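K.L.:
Position 71 (the sequence shown) corresponds to 71 in UniProt numbering; numbering is contiguous.
Note that CB positions come from ideal geometry on N, CA and C, so glycine has one too.
The structure displayed is predicted, hence computed values, not measured ones.
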Amino acid sequence: MQKKVKTMAVEDEMSSFLFRLPTSLKEELEQKAAENHKSISAQLRDIVRDALHKDESGSLEVRTFLGQEIDLSSIDEENGLVYVNGIYYRYLIEGNHKKENVQKYIVIEANGNILTLRPLT
Numbered sequence: 001m002q003k004k005v006k007t008m009a010v011e012d013e014m015s016s017f018l019f020r021l022p023t024s025l026k027e028e029l030e031q032k033a034a035e036n037h038k039s040i041s042a043q044l045r046d047i048v049r050d051a052l053h054k055d056e057s058g059s060l061e062v063r064t065f066l067g068q069e070i071d072l073s074s075i076d077e078e079n080g081l082v083y084v085n086g087i088y089y090r091y092l093i094e095g096n097h098k099k100e101n102v103q104k105y106i107v108i109e110a111n112g113n114i115l116t117l118r119p120l121t
């Protein structure tokens, strides 16, 4: 079954399918929908849309390591790892350069388990 619905001035075609979930989870969904003054379908649609378009900038690595200074001794060039706050991460150096003989680097990007470092001169 399909019908068209206008959302934010864009016409989207809607489709339906059977979705099974535990009774307790359905009850939580019903409660959340009621709190937000939405139908269950609208609440579920918003949850799915938000999950699919989630901004990755909120990852643990970004929140924890972005802008952090790293000592040269924390970089294991042989294994391609950098040791940060008790965890080993893969790393890239900005511009795909080799490790330079500078004393400190700064984390300028975090993407999953890969940190991008920039030498501080």
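1) Around the Cβ of Val107, are there at least 16 other Cβ atoms within 10 angstroms (buried) or fewer (exposed)?
2) Please list, in chain order, all residues of the same chain as Tyr89 whose beta carbon is under 6 Å from its beta carbon, the five residues on each side excluded.
3) Can you look up Leu115 in the DSSP assignment and give me helix, strand or coil?
4) Between which residues of its own chain and Ala42 is the CB-CB distance below 8 Å, once the five residues before and five after are set aside?
5) Is the beta carbon of Lys104 sitting closer than 8 Å to the one on Ile70?
6) Between Leu18 and Leu29, how many whole angstroms is the CB-CB distance? I'm expecting something under 8 Å.
7) According to DSSP, Ala33 sits in a beta bridge with which residue or residues?
8) Where does the unbroken alpha helix (DSSP H) through Leu52 begin, and where does it stop?
9) Identify, in the order they occur along the chain, each residue of the same chain with its Cβ nearer than 8 Å to the Cβ of Gly80, setting aside the five sequence neighbours on each side.
10) What do you get for Ala51, buried or exposed, if any count of 16 or more other CB atoms within 10 angstroms of its CB means buried?
11) Can you name, in chain order, every residue of its own chain whose Cβ lies under 7 Å from the Cβ of Phe65, other than the five neighbours on each side?
P.N.:
Walking through what the data contain:
1) In the sequence shown, counting from the first residue as 1, residue 107 sits at position 107. Buried is the call here.
2) Along the sequence shown, one-based indexing puts residue 89 at 89. Val82, Asn113, Leu115.
3) Your numbering for residue 115 matches position 115 in the sequence shown. DSSP places Leu115 in strand when its eight states are reduced to three.
4) Numbered from its first residue, the sequence shown carries residue 42 at position 42. Taken in chain order, the residues that qualify are Ala33.
5) Position 104 of the sequence shown holds residue 104. Position 70 of the sequence shown holds residue 70. Their beta carbons are under 8 Å apart, which means Lys104 touches Ile70 by this criterion.
6) Against the sequence shown, residue 18 aligns to sequence position 18. Against the sequence shown, residue 29 aligns to sequence position 29. About 15 Å; that fails the 8 Å criterion.
7) Residue 33 sits at position 33 when you count from the first residue of the sequence shown. Answer is none; Ala33 lacks a bridge partner.
8) In the sequence shown, the residue the question calls residue 52 occupies position 52. Per DSSP, Leu52 belongs to the alpha helix (DSSP H) from 40-52.
9) For the purposes of this step, residue 80 is identified with residue 80 of the sequence shown, where counting begins at 1. Around Gly80: Arg90, Tyr91.
10) Stepping through the sequence shown from its first residue, residue 51 is reached at position 51. Per the 10 Å Cβ criterion, exposed.
11) Within the sequence shown, the letter at position 65 stands for residue 65. So the qualifying residues of the chain are Val84, Val107, Ala110, Leu115.
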